[in-house]
Amino acid sequence: MNALKKKAGRVLLYVTVVFTCIVLVFPVYWMFNTSLAPTMQLRAFPPRFFPVDPQWNIYAKVLFERPMPTWLLNSTIVALGATMISMVVSVLAGYSLSRYRVKGSKGVGIFILTSRMLPATLIVIPLFVLFRQANLIGSLWSLVIAHTTFIIPFATWMLKGYFDSIPVDLEEAAMIDGCNPISALYRVILPLSAPGIAATALYGFILSWDDFVYARTFLASRQSAWTVTVGISTIKGEYITGWNEIMAAALLGALPILVMYLFLERYLVGGLSAGAVK
Amino acid sequence: MTETMKAESTQAHSRFSLWRPSNQSLLAYLLMLPAVLITLAVIAYPIVSAIDLSFQEIKIVQVGRERFPWTLANYAHLFTSSEFWKATWVTLKLVTIATLGCLVLGLSTAMLVNQRFRGRTIARILVALPWAVPSVMAAVIWWWMFDSSFGLINWLLVKAHIISSPIAWFSSPTTAFFVICVVMIWKGYPFVSVMLLAGLQSIPGDLYEAAQIDGANTWNRFRYITLPSLSPVMGIALILVILWVFRDFAIIWLLTGGGPIGATRTLAIMTYEQAFGFYNMGYAASIGMVTLVISLIASIVMIRRFSTSIY
Amino acid sequence: MYKKVLLFILLAGMLLTVAACTGAQPAADTAQTDGTGGAADATGAPIVLKFISWQVDESGVGDWWNKAIAEFESAHPGVKIEFTKVGRDQYVDTMTTLFVSGDAPEIVHLASFEYPQFADQGWLEDLDPWVEQSDLDLNGWAGQEKCVWNGETDCIMLLYFGFVMVYNQGMFEEAGLDVPTNYEEYLAAARALTKDTDGDGIIEQFGTGHHTVAGNQYLTEMLNYVVDTGAYWTDAEGKAAVNTPEMIEALGHWKTILQENLTPLDLGAGDIRQLLAEGKIAMHPDGPWIWGIVKGAEPEVFEQLKFARVPFTVPVGGSSNVIAMKKDMSQEKKELVWDFIELITSQPYQEDFALLGGMPAPRPNAVPANIYEEVPHFDLLVEAQQEAAAAGIDRLPKGLETDYNEFAKIVIEQMQNMIINDLPPEEVANTLQQLTEELQARE
Chain A
62 MNALKKKAGR VLLYVTVVFT CIVLVFPVYW MFNTSLAPTM QLRAFPPRFF PVDPQWNIYA
122 KVLFERPMPT WLLNSTIVAL GATMISMVVS VLAGYSLSRY RVKGSKGVGI FILTSRMLPA
182 TLIVIPLFVL FRQANLIGSL WSLVIAHTTF IIPFATWMLK GYFDSIPVDL EEAAMIDGCN
242 PISALYRVIL PLSAPGIAAT ALYGFILSWD DFVYARTFLA SRQSAWTVTV GISTIKGEYI
302 TGWNEIMAAA LLGALPILVM YLFLERYLVG GLSAGAVK
Chain B
6 MTETMKAEST QAHSRFSLWR PSNQSLLAYL LMLPAVLITL AVIAYPIVSA IDLSFQEIKI
66 VQVGRERFPW TLANYAHLFT SSEFWKATWV TLKLVTIATL GCLVLGLSTA MLVNQRFRGR
126 TIARILVALP WAVPSVMAAV IWWWMFDSSF GLINWLLVKA HIISSPIAWF SSPTTAFFVI
186 CVVMIWKGYP FVSVMLLAGL QSIPGDLYEA AQIDGANTWN RFRYITLPSL SPVMGIALIL
246 VILWVFRDFA IIWLLTGGGP IGATRTLAIM TYEQAFGFYN MGYAASIGMV TLVISLIASI
306 VMIRRFSTSI Y
Chain C
4 MYKKVLLFIL LAGMLLTVAA CTGAQPAADT AQTDGTGGAA DATGAPIVLK FISWQVDESG
64 VGDWWNKAIA EFESAHPGVK IEFTKVGRDQ YVDTMTTLFV SGDAPEIVHL ASFEYPQFAD
124 QGWLEDLDPW VEQSDLDLNG WAGQEKCVWN GETDCIMLLY FGFVMVYNQG MFEEAGLDVP
184 TNYEEYLAAA RALTKDTDGD GIIEQFGTGH HTVAGNQYLT EMLNYVVDTG AYWTDAEGKA
244 AVNTPEMIEA LGHWKTILQE NLTPLDLGAG DIRQLLAEGK IAMHPDGPWI WGIVKGAEPE
304 VFEQLKFARV PFTVPVGGSS NVIAMKKDMS QEKKELVWDF IELITSQPYQ EDFALLGGMP
364 APRPNAVPAN IYEEVPHFDL LVEAQQEAAA AGIDRLPKGL ETDYNEFAKI VIEQMQNMII
424 NDLPPEEVAN TLQQLTEELQ ARE
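Protein chains in written order, with this note's numbering: chain A, 62 to 339; chain B, 6 to 316; chain C, 4 to 446.
Quick look at the structure:
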């Protein structure tokens, strides 16, 4: 009886898991399925749940008849640049906030955090004027700089939490061995926080890739500098809307993030929340 | 570069006082400096100029134009405008529902993939997958699925006899708001799920065993062990999700543009619409400032509440 | 102290190194800006004229632009036109931001309902002196009077159009219906042709098709019914005239079409046109540009799609888009931009426009001999254009030129309100009248 109950429980668990996964991931699958459907079947009833007659050439069309490779490259450069700058800055700031209780450090922490609360729709115009004066409009640098401002607050905060979870004794031991705080950070803390740094960097990368408001405002005038989100929003053009093409482009635009996510997923759990979990 | 630094530091150790405990605060400030500088440079100027703008009755901002006199007109207009109060209400409603949805779905998925079963690694990857779909793409795909005439969701609901004829999702305030909530939750829950999963893993197993011996049932174990242990990490997740919903622009803008009859017009959307749709940039700045103040107050309250887990 | 400074430099250096390793190298090629203007010839660097448009990759007109750019560049060695696409739904936002920051394109392309806002800011060059000293004759140039703002000619009209109706012949034959010629017939046909063909509770075929999501296009679609009853948003003096019996009737018609779901709901113009090309819509009033979409339909649908006069007393019509010149730039660049404007307004290019774009060009008598081979329904387009022009119809209401976006938002919200809450058109017309008066009083 008890064994039977246990078995039923197992079955129920598996059913729940499979059902949940299918429901939650379905939109991504549907994006893929739609991208491969022939134009005339996009709105067919009943809908085709599997690509019966896959039109792979739509991907070639999206990739080669539009500057999609350039857009992907631009997004990658911006996201990499913004993430790396942010990570260096945030590791230092997060370490300082975690290890030193100095006057004003709490204030600095809150100040950095509040910058994340600014509505992007509010600051985009002044920022535009600022970058214009620095002659950065149409340059990827404008985005790199703008994105660091919303990655740094998040990353600093997360890394501070992660550093908090690493016992101070380890650095103290290293410092007795002759390390100064910076080399202790470099030699002891950084290797230990690799999962946290990987998770935070992935999150920063996603934030940057996700951006739409800044990218479209700063780079609109220069098609060769567009990021992939701007590019996709314009494929949804005025005169005719081809959903298979939009879906193919959207999937290609999400692919780099999806792949990165698959490789870094194992660092995520724990990496993001160590500080809060402790 | 490391070599230089090492050389520098060994040399420093003998004479340079910065490493000494007495000078720790200086080092602490130096380490924070780059973050503070960058934040200041790209945030402080826009804020100051937004404050300045919000006190001017200005349509379009332009470099080198003469300034307008300072006035409270924008704020007066704002607080007497029913549209503003509606947008505030919509924002609060959306923040509450979407955040709760993210928490519930995040917690249940986290608890689900925290069970022991075969294929757990894959399940964990799949459950948090929507996190890796950029907002613009998420809006595009859901728009297609919720299409009022040829969308998949209508077809499924009609086939399942849940509805008799297709719903025009974006034509009614209730359904449009519902769609926005669904998309926000779908995009926002994985983050909560990942954070909470970590939290769950850090709860010592013997706590549960002890409770079981004491005869606590599943609900009581959840209520008295799981929830309290998760509360700090939940607090952080909560703040981040709330801020995200508060600021989000892309999803709502691409899906409904704030309509119908303002049912999905949040403060962020209203700011943008006034600034770029109607060129009332002074007025838009005043909306933005109010939004900023609201989110500041909300975060300060919450940081206080969860301060033990953060600072 | 020295050491502290050194440490700071070290930290900064570390940052910079990382930044430089990862940095945005492609930024290097983006340094071209206004600064190069006058000195360009001396250094040998090309002069770049920026030209932003939503028509870059549109079939027909896009080809026409590219042809003109190629010819211009070969006639002006050392000058390059940088032709960039910005999507229609974000066009005004982008252009506004660019003008605000002083980074606007030299060649300014705008929809005619957007143009007054830019002219009103003083951003556009007065073209009167340029026209005077050139051979361009604007007499009889369709819609050109719309380009006069505050007594200055700030643009040249590129297209003045009248709506025609595309219908699916097969659907009409199958239902045994005639092509409608007035609103009553049109409504009857729309009702008869909106069908759930397989009985599953979902409509697969729609009688008509309208853009019903927010945006200025919503007003254009409504205008079909508004001009049909002889109503308009404002009177001849530009005063709000929304609570007239004609307008109330028109609002009732619009309500019927949407409430009975005779059009697919919640779709933008791009989707509606796609549905027409897929053979899922029976009738669709639209501008001459619809030819590009009809031509792109699958052969079996293409055969069925025919053109007819709209079934309304007057077709929707008006100015479509304009070309203008940025005011704030060097004389040298202005001359180049004017050369470009002269080129595209010349007789051969205007004829090409009719051929490639499939629409009547604004220049009088710019009708190439072989137009009927390329555009079989050309006469219909010309008639619609003339009919709309004779009735003085335009999409941009007089007296609301600089508030058009906000006016559109007010109208759309009231329409949604009327349909969602099932309000009588009289009541909505009164509310709308009051809101429009308030909007106008704010100026």
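Even for Gly, the Cβ is constructed at its ideal location relative to N, Cα and C.
Assigned with DSSP and collapsed to three states, I102(B) falls in helix. With 16 or more other CB atoms across the displayed protein chains lying within 10 angstroms of its CB, I250(A) is buried.
In this structure, the CA atom of F122(B) is about 18 Å from the CA atom of E326(A). For M174(C), the enclosing alpha helix (DSSP H) has its first and last residue at 172-178. A Cβ-Cβ contact shorter than 8 Å links A133(B) with V199(B). Contact between the stretch 115-129 of chain B and the stretch 171-185 of chain B is absent: fewer than 3 CB-CB pairs across the two stretches fall below 8 Å. Annotation note: the stretch 183-207 of chain A contains no uninterrupted alpha helix (DSSP H) run of length 4 or greater.
Within the stretch 186-204 of chain B, no residue has a Cβ lying closer than 8 Å to any Cβ of chain C. Every unbroken stretch of the alpha helix (DSSP H) spanning 4 or more residues and falling wholly within the stretch 260-285 of chain A is given here in chain order: 274-280. The beta carbon of T232(C) lies closer than 7 Å to those of E249, E252, A253 in the same chain, with the five residues before and after it left out.
Counting other Cβ atoms within 10 Å of its Cβ, R398(C) reaches 16 or more and is therefore classed as buried. Distances from the alpha-carbon of V245(C) to those of W67(C), V414(C), N420(C) put V414(C) closest. R270(B) has a beta carbon lying at 8 Å or more from every beta carbon in chain A.
Chain A has no Cβ within less than 8 Å of the Cβ of K83(C).
Rounded to the nearest whole angstrom, the CA to CA distance from Q277(C) to I205(C) is 19 Å.
Between T156(C) and K401(C), the C-beta gap is not smaller than 8 Å, which leaves the two residues out of contact. I230(B) sits away from T210(A), with the two beta carbons spaced by 8 Å or more. Taking a contact to require three or more Cβ pairs closer than 8 Å, the stretch 126-143 of chain A and the stretch 183-197 of chain B do not qualify as touching. Residue state for I159(C) is assigned as strand, using DSSP reduced to three classes. Judged by beta-carbon spacing, T296(B) lies beyond the 8 Å limit of L259(B), meaning their Cβ atoms are not closer than that value.
Residue pairing by DSSP puts I284(C) in a beta bridge opposite F209(C).
Residue pairing of K53(C) in beta bridges, as defined by DSSP: E85(C). Among the CB atoms of chain C, one or more fall inside 8 Å of the CB of G264(B). Apart from the 5 residues on each side of it in sequence, P214(A) sits with its Cβ closer than 7 Å to the Cβ of I173, L174, S176, R177 in its chain, given in chain order.
Within chain B, G264, P265, I266, G267 have C-beta atoms less than 8 Å from the C-beta of E416(C), given in sequence order. V190(A) has a beta carbon lying within less than 8 Å of a beta carbon in chain C. DSSP lists no bridge partner for K149(C).
V149(A): member of the alpha helix (DSSP H) spanning 129-160, first to last residue. DSSP places M421(C) inside the alpha helix (DSSP H), whose first and last residues are 407-423. In the three-state reduction of the DSSP assignment, L270(C) falls in the coil class, being assigned neither a helical nor a strand state.
Where I260(C) is concerned, there is no enclosing beta strand (DSSP E), although the alpha helix (DSSP H) around it starts and stops at 248-262.
It is roughly 49 Å from the alpha-carbon of G263(B) to the alpha-carbon of D138(C). Listed in chain order, the positions of the stretch 257-271 of chain A with a beta carbon within less than 9 Å of a beta carbon of chain C would be empty, since no residue qualifies. For A71(C), same chain residues with a beta-carbon under 7 Å away, outside a window of 5 residues either side, are L346, I347, Y352 in chain order.
When the Cα atoms are used, L202(B) and I302(B) turn out to be separated by approximately 29 Å. A check of alpha carbon separations from V111(C) across N368(C), P132(C), K283(C), I84(C) identifies I84(C) as the nearest.
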